[in-house]
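Trainee: Handing you this structure, nothing more for now.
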Amino acid sequence: MSEYQYYEFQAVDRPLDEEDRKALRALSTRARITTTSFINHYNWGDLGVDPAGLVERWFDLHLYLANWGTRRLMMRLPKRLVAPADLEPFLRGSDLARVVDTGEWLLLDVHDDGEAPAYDDDDAEGWLAALAPLRSDLLAGDYRLLYLIWLAAVDSGLARDDALEPLAGLGPMTAGLQAFADFFRIDPDLVRAAAEACPGALEAEAVRSALKAIPEEDKTDLLERLVAGDPHVTAALKSRVRRAVSPASEAPDRELRTASLLRSRMSAIAAERRAAETKRRLDERERQRRLDESARRARLEALRRRGEAAWQEVETEVGRRNARSYERAATLLLDLKSLAERDGTAAGYDARLRTLRERHASKKRFIERLAASGLR
């Protein structure tokens with residue numbers, strides 16, 4: 010199998026101008042370059058430059074995927090919205106992610122060298138689009154992406170048993186969170202366990218009160234940034250409201266779960282899932298059995314109405330002297346046997362079958378087919 014590497018970069022906050030695109034084209038003559046993206050893949054060779062450098066200079070998101078199992082997601086985050094101290098509690102003890110401080114930006118780099126999964130090359134292009142909303146959520150103060158990074162450490166066994174979850178739950182899952190869990194191959198049962206609890210919801214009245222409490226000068230500043238086209242003004246406002254509201258909305262008696270408890274719950278969910286799947290298979294098997302039995306009864310009833318014509322059909326099929334005809338004849342004889350047993354005429358059926366076997370004794374393949382069907 011040949012190598013396959015896929016690189017995708019996306020500009021969200023600022024589109025690429027002509028000079029940017031020229032500089033990127035100098036790096037690759039075969040890449041697809043637009044005002045918002047740079048996409049390339051290689052079956053031999055690679056990009057030849059450090060993706061982190063491209064992200065720091067031009068892009069807000071980067072995704073890398075290789076068919077030997079390596080997966081990478083990078084996000085460029087403005088420090089005025091996300092501080093290193095906001096990220097550190099989630100990443101402590103994790104080998105999956107690191108944060109690089111470039112001065113103006115924080116680069117969140119999530120990197121996994123897992124075993125190679127089975128996938129089609131065409132599937133690579135859909136991942137970044139599915140994951141992109143997580144950056145906006147993170148800038149707006151929704152840190153559940155970081156919870157998933159911590160959860161990956163739990164899944165890999167790197168988190169200590171007594172390590173507490175960094176938020177009061179993961180749920181409710183969004184499409185972006187699910188895509189992240191799938192992309193980095195976090196155990197689905199562990200994700201379900203974490204999502205059974207949810208951080209405190211932002212109540213509408215609490216949000217309204219938080220908005221009213223913003224000083225007039227700050228409101229004016231936010232509106233000016235909105236008019237100026239600041240791409241981060243919405244995230245800044247959401248983050249500010251979330252910080253104001255979340256402490257009040259958190260249930261005071263909610264206890265954070267440990268890594269050990271989540272692993273135990275994962276095992277329980279896996280057992281429940283297997284039991285449910287076993288029941289589903291048994292139910293399906295029973296449903297199919299009832300359908301088959303119903304069809305068999307209808308077939309036998311139709312056979313009864315045919316009377317002597319059914320035996321004549323057996324003779325016709327045997328007379329064709331080929332394997333498929335012998336198969337059809339044997340199937341018909343089995344149905345006639347079942348009908349005879351049901352009607353209490355098995356002795357008469359056995360006599361006719363012996364006569365049939367004697368009359369066609371020279372047809373060795375037919376006799377073998379009867380024996381294989383238990384018609385002796």
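The working numbering puts the sequence shown at residues 10 to 385.
Glycine included, C-beta positions come from ideal geometry on N, C-alpha and C.
Please read these numbers as outputs of a predicted model, since none were measured by experiment.
1) Considering only residues of the same chain and omitting the five flanking positions on each side of CYS207, which have a CB-CB separation below 7 Å?
2) Do GLY185 and PRO224 come within 8 Å of each other at the CB atom, strictly closer than that value?
3) Following the continuous beta strand (DSSP E) through MET182, name the residue where it begins and the one where it ends.
4) If you count every other CB in all the chains shown that lies within 10 Å of the CB of SER103, and 16 or more means buried, which is it?
5) CA-CA distance, GLN14 and ALA268?
6) Report buried or exposed for SER276, applying the criterion of at least 16 other Cβ atoms within 10 angstroms of its Cβ.
7) To the nearest angstrom, report how far apart ARG283 and ALA168 are at their CA atoms.
8) Verify the CB distance criterion: does ALA284 have a CB-CB separation below 8 Å to chain D?
9) Might you give, ordered along the chain, the residues of its own chain that have their beta carbon closer than 6 Å to the beta carbon of GLU174, omitting 5 neighbours on each side?
10) I need the boundaries of the beta strand (DSSP E) containing ARG80, first residue and last residue.
11) Exposed or buried, ARG1, counting other C-beta atoms within 10 Å across all chains shown (16 or more means buried)?
12) By the three-class DSSP mapping on this structure, what secondary structure does PRO261 have?
13) Indicate the three-state DSSP secondary structure (helix, strand or coil) for GLU174 in the structure shown.
14) Quick check: what's the CA-CA separation for LEU74 versus LEU291?
15) For GLU17, does the count of other Cβ atoms within 10 angstroms reach 16, so buried, or fall short, so exposed?
16) So the candidates are SER37, ILE42 and ARG30; which of them puts its Cα closest to the Cα of VAL58?
17) Would you decide whether GLN297 is buried or exposed? Buried here means 16 or more other CB atoms lie within 10 Å of its CB.
18) Classify ARG330 as helix, strand or coil using the three-state DSSP reduction.
19) Along the chain, where does the alpha helix (DSSP H) containing PHE3 start, and where does it finish?
20) For the alpha helix (DSSP H) that SER165 lies in, which residues bound it at each end?
21) Which residue marks the beginning of the beta strand (DSSP E) containing GLU281, and which one marks its end?
22) Jot down the residue ranges of each uninterrupted alpha helix (DSSP H) in the region 21-52, minimum 4 residues, whole runs only, in chain order.
23) Is it the case that the CB of ARG313 approaches a heavy atom of the ligand NAD more closely than 7 Å?
24) Compute the distance between the beta-carbons of PHE88 and TRP67, then report whether it is under 8 Å.
25) Taking only the alpha-carbon atoms, compute the straight-line gap between SER334 and GLU293 and give it to the nearest angstrom.
26) For LEU368, does the three-state DSSP call read helix, strand or coil?
27) If THR44 and LEU25 are in contact, beta carbons under 8 Å, what's the gap, nearest whole angstrom?
28) Where do the N-terminal and C-terminal ends of the alpha helix (DSSP H) with ASP146 fall, by residue?
29) Counting C-beta neighbours from all protein chains within 10 Å, is the total for GLN19 16 or more, i.e. buried, or is it exposed?
30) Would you tell me roughly how many angstroms separate the C-alpha atoms of GLU97 and LEU232, rounded to the nearest one?
31) Please identify the residue among VAL64, ALA172, GLY62 and ALA138 whose C-alpha is closest to the C-alpha of PHE99.
Mentor: So, from the data block:
1) Here residue 207 is taken as the residue at index 198 of the sequence shown, counted from 1. Excluding sequence neighbours, CYS207 sits near GLY178, GLY180 and PRO181.
2) Along the sequence shown, read from residue 1 onward, the residue named residue 224 stands at position 215. Along the sequence shown, read from residue 1 onward, the residue named residue 185 stands at position 176. No, the Cβ-Cβ distance between PRO224 and GLY185 is not below 8 Å.
3) Counted from its first residue, the sequence shown places residue 182 at position 173. Per DSSP, MET182 belongs to no beta strand (DSSP E) and is neither H nor E.
4) Indexing the sequence shown from 1 puts residue 103 at position 94. It counts as buried.
5) As a first step, residue 14 must be located in the sequence shown, where it is residue number 5. As a first step, residue 268 must be located in the sequence shown, where it is residue number 259. Going by the C-alpha atoms only, they are around 34 Å apart.
6) As a working mapping, residue 276 is identified with position 267 in the sequence shown. By the 10 Å Cβ count, SER276 comes out exposed.
7) Position 274 of the sequence shown, counting from 1, holds the residue named residue 283. Position 159 of the sequence shown, counting from 1, holds the residue named residue 168. Their backbone Cα atoms lie some 26 Å apart in a straight line.
8) The chain labelled as chain D is not found in the depicted structure, where only one protein chain is given.
9) Within the sequence shown, the letter at position 165 stands for residue 174. Within the same chain, GLU174 has close Cβ partners LEU265 and ARG266.
10) Residue mapping note: residue 80 aligns to position 71 of the sequence shown, counting from 1. Residue range 79-87 is occupied by the beta strand (DSSP E) that includes ARG80.
11) Because the chain in this structure spans residues 10 to 385, residue 1 falls outside the shown range and cannot be described.
12) The residue you call residue 261 lines up with position 252 of the sequence shown. Confidence is the limiting factor: at PRO261 the pLDDT is only 45, short of 50, which leaves the residue's position unreliable and the question unanswerable from this model.
13) Position 165 of the sequence shown, counting from 1, holds the residue named residue 174. GLU174 falls in the coil class under three-state DSSP.
14) As a first step, residue 74 must be located in the sequence shown, where it is residue number 65. As a first step, residue 291 must be located in the sequence shown, where it is residue number 282. Those two C-alpha atoms are separated by around 39 Å.
15) In the sequence shown, the residue the question calls residue 17 occupies position 8. Buried is the call here.
16) As a working note, residue 58 is residue 49 in the sequence shown. Checking every option, the nearest Cα to that of VAL58 belongs to SER37.
17) Within the sequence shown, residue 297 is the residue found at index 288, counting from 1. Looking at its Cβ environment, which holds fewer than 16 other Cβ atoms inside 10 Å, GLN297 is exposed.
18) Taking the sequence shown and counting its residues from 1, one reaches residue 330 at position 321. Coil at ARG330, not helix or strand.
19) Any question about residue 3 goes unanswered here, given that the chain covers just 10 to 385.
20) On the sequence shown, position 156 is the one that residue 165 refers to. Counting along the chain, the alpha helix (DSSP H) containing SER165 begins and ends at 153-165.
21) Taking the first residue of the sequence shown as 1, we reach residue 281 at position 272. Per DSSP, GLU281 is not a residue of any beta strand (DSSP E); the alpha helix (DSSP H) it occupies stretches across 268-315.
22) 27-36
23) Ligands are entirely absent from the displayed structure, and the ligand NAD is therefore not among its contents.
24) Within the sequence shown, numbered from 1, the residue matching residue 88 stands at position 79. Within the sequence shown, numbered from 1, the residue matching residue 67 stands at position 58. Note that residue 88 is Lys in the sequence shown, not Phe. Their beta carbons are not under 8 Å apart, which means LYS88 does not touch TRP67 by this criterion.
25) Indexing the sequence shown from 1 puts residue 334 at position 325. Indexing the sequence shown from 1 puts residue 293 at position 284. Those two C-alpha atoms are separated by around 32 Å.
26) On the sequence shown, residue 368 is found 359 positions in, with the first residue counted as 1. In the sequence as displayed, the identity of residue 368 is Arg instead of Leu. Three-state DSSP puts ARG368 in a helix.
27) For the purposes of this step, residue 44 is taken as residue 35 along the sequence shown, with counting starting at 1. For the purposes of this step, residue 25 is taken as residue 16 along the sequence shown, with counting starting at 1. 5 Å between Cβ atoms; contact.
28) Taking the first residue of the sequence shown as 1, we reach residue 146 at position 137. First-last of the alpha helix (DSSP H) with ASP146: 142-148.
29) One-based indexing of the sequence shown puts residue 19 at position 10. Per the 10 Å Cβ criterion, buried.
30) Position 88 of the sequence shown holds residue 97. Position 223 of the sequence shown holds residue 232. When rounded, the distance between both Cα atoms is 31 Å.
31) The residue given as residue 99 occupies position 90 in the sequence shown. Closest option to PHE99, Cα to Cα, is ALA172.
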